[in-house]
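Number of protein chains: 2
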Amino acid sequence: MKTVPQPTSHGSPVTEDTRAALMDAAERLFAENGLEGASVREITKTARANLGAVNYHFGTKDGLILAVFSRRLKPINERRVAMLDALEAKAADRPLPLEKVLDAFLRPMIEQQGTGLEDGQAFTRLMSRVFQEPNPQVAQLVCEQFGTIVKRINTALLKAVPTLPPDEVFWRISFLFGSAHHAIDAWSRFDTNPFARIPGAPVPRALDREALLQRLIAYAAAGIRGTST
Amino acid sequence: MKTVPQPTSHGSPVTEDTRAALMDAAERLFAENGLEGASVREITKTARANLGAVNYHFGTKDGLILAVFSRRLKPINERRVAMLDALEAKAADRPLPLEKVLDAFLRPMIEQQGTGLEDGQAFTRLMSRVFQEPNPQVAQLVCEQFGTIVKRINTALLKAVPTLPPDEVFWRISFLFGSAHHAIDAWSRFDTNPFARIPGAPVPRALDREALLQRLIAYAAAGIRGTST
DNA sequence: GTTTGATTAATACAAACGTTTGAAAATTTG
DNA sequence: CAAATTTTCAAACGTTTGTATTAATCAAAC
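Chains P and D are the protein sequences, given in the same order. Going by the working numbering, the residue at position 8 of the first sequence is 8; the numbering climbs one at a time, nothing skipped. Position in the second sequence counted from 1, then plus 1000, gives you the working numbering.
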């Protein structure tokens, strides 16, 4: 029987324990090389840990993968729910301001990147491909985590744009998800983005977090309000 | 020295040759399990070919990967260029109709799925994750293939929406790419889409090709015209 | 100071990976 | 038909993969 250790009972922040070091290394390498492309050997070497450390702390490589995703995804989604809660509480029965709803969805994901760990940046690249991830365990986790959010966004959008046909919302949310994740990915590796270097292609300006957020919100708001076809 | 055979000088369409069978199997398995997740052994078994067939016909697994992408990507992008050419020829000096520009970009990708081979559907799922692909050869191919398109779309959008600041276009194109690929992916596997089954989540309607296309165009057009912030 | 439990470390293992090889089979060419 | 070329095939190669094992090291509790 495998005894899974507690996540450091005292949590000394001075020296990062092996568990966290593994997750940090894994997050970065997963983002760079993909879930299958990053080997346990590479991860443990980067984390300056022993080869067996992954299996000891997370049971299996899949366990590490799930832990990496959970660590970032949970706080993001909790913050989203909290912001939506606050929004709906304040609005009472009046229609929600669409831009605020979009802000509640997008801001936690975008701001998550600056919590001190520079590895946070790597996670957004993971996020943008998380929906296509073949790993069934990851797919289930993502589905669970995002299920709540999708539901909340759905009702919020209906309250924000009452004229929107209910079975249209699914597609608008799909569009929103797609543009958000794609753009954040492009933004997070802006300097190495191949499209940013194509001569004759649109010359982009490096944006700060807030500017990207505002552009995303403006784009999505216009698209969701849409023109009645 | 390796003699790479010609792609079947006569191209008998009756019985599919090994080369094409390999690409079909690979396309499907790449879409299902990822580029690294689909093994040469699995591919050759699915294609009912010998294990060495991939290395004989494509040199290496990477060669097969590139061939799979090229086969679909090239005709799509050629059609896009042709449609944009026709559009600009007809418009002369007048501003291009934005919806038509978006149609020229989106339609070839969406309609490509119905060319008889049901595997065409698998490719769109490949497309949606092609931008995050860690494989450097794939990244370069994608960059080459999309480079032309991005440039063309850029100038077309500027001619369609003259009030748009030039360094905004990059981001709007990013949003467009993101929403398009994400939505097409969600659409192509609509029946197994986890989000379509979440109780309380937006109930989507299965769309036909044209309806999806029109929704995408409407959404992107509204977003790109945007509200001047 | 010894015992106890948690962690690290080095090594081993079987399975799966992409690729190579050389001979058989099939096909095309003269 | 014979010669030449292309394609298939079965077997094996050397790596690399994730995981299991067993002993050594460490920190705290008694």
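By construction, the Cβ of each residue, glycine as well, lies at the ideal position given by its N, Cα and C atoms.
Distances from the CA of L1164 of chain D to each of D:I1217, D:V1138, D:I1149, D:L1098 were compared; the closest alpha carbon is that of D:L1098. Chain order gives no chain P residues near A1025 of chain D, where near means a beta carbon separation below 8 Å; the closest approach is about 16 Å. D185 of chain P belongs to the set of residues whose beta carbon lies under 8 Å from a beta carbon in chain D. One alpha carbon belongs to A1089 of chain D, the other to D1103 of chain D, and they sit about 16 Å apart.
F175 of chain P has a beta carbon lying within less than 8 Å of a beta carbon in chain D. Runs of alpha helix (DSSP H) with 4 or more residues, each lying fully within the region 76 to 122 of chain P, are found at 98 to 111, listed in chain order.
In the displayed model, V1130 of chain D falls within a helix according to three-state DSSP.
Going by C-alpha positions, G34 of chain P is about 22 Å away from A1183 of chain D.
Separation of P1095 of chain D and I1153 of chain D (C-alpha to C-alpha, rounded to the nearest whole angstrom) is 14 Å. The region 1069 to 1080 of chain D makes no contact with the region 1156 to 1172 of chain D; the number of CB pairs closer than 8 Å stays below 3. The C-beta of P1162 of chain D comes no closer than 8 Å to any C-beta of chain P. The C-alpha of V81 of chain P lies about 7 Å from the C-alpha of I149 of chain P.
When DSSP states are grouped into helix, strand and coil, L213 of chain P belongs to the helix group.
Close to E1032 of chain D, with beta-carbon spacing below 8 Å, are these residues of chain P in chain order: P134. Contact of E111 of chain P with chain D by beta-carbon distance below 8 Å is absent, the smallest such distance being about 18 Å. The C-beta of Q1140 of chain D has fewer than 16 other C-beta atoms within 10 Å across all chains shown, which makes the residue exposed. Counting only the Cα atoms, N77 of chain P lies some 36 Å from I1065 of chain D. The three-state secondary structure of S39 of chain P, taken from DSSP, is coil. In the structure shown, E1144 of chain D falls within a helical segment according to DSSP collapsed to helix, strand and coil. The alpha-carbon of F1123 of chain D is positioned some 7 Å away from that of R1028 of chain D. For R1215 of chain D, the C-beta contacts it makes with chain P under 7 Å involve W171, in order along the chain.
Counting other Cβ atoms within 10 Å of its Cβ, S39 of chain P stays below 16 and is therefore classed as exposed. Close to S128 of chain P, with beta-carbon spacing below 7 Å, are these residues of chain D in chain order: Q1132. In the three-state reduction of the DSSP assignment, E168 of chain P falls in the helix class. Contacts between S1188 of chain D and chain P, judged by CB atoms closer than 9 Å, are missing: the closest CB pair is about 11 Å apart.
G226 of chain P carries a coil assignment under DSSP once its states are collapsed to helix, strand and coil. Judged by their CB atoms, I1110 of chain D and L1176 of chain D are not nearer to each other than the 8 Å cut-off. For A47 of chain P, the secondary structure class from DSSP, reduced to helix, strand or coil, is coil. Rounded to the nearest whole angstrom, the C-alpha separation of A31 of chain P and L126 of chain P is 5 Å. Separation of the CB atoms of S188 of chain P and A1186 of chain D is rounded to 23 Å, and the pair is thereby denied contact status at 8 Å.
Rounded to the nearest whole angstrom, the CA to CA distance from L87 of chain P to V161 of chain P is 15 Å. By the neighbour-count definition (other C-beta atoms within 10 Å, threshold 16), A180 of chain P is a buried residue. When secondary structure is reduced to three states using DSSP, N1055 of chain D falls in the helix class. Around the beta-carbon of T44 of chain P, 16 or more other beta-carbon atoms lie within 10 Å, marking it buried.
The three-state secondary structure of N135 of chain P, taken from DSSP, is coil.
Under the three-state reduction of DSSP output, T18 of chain P falls in the helix class.
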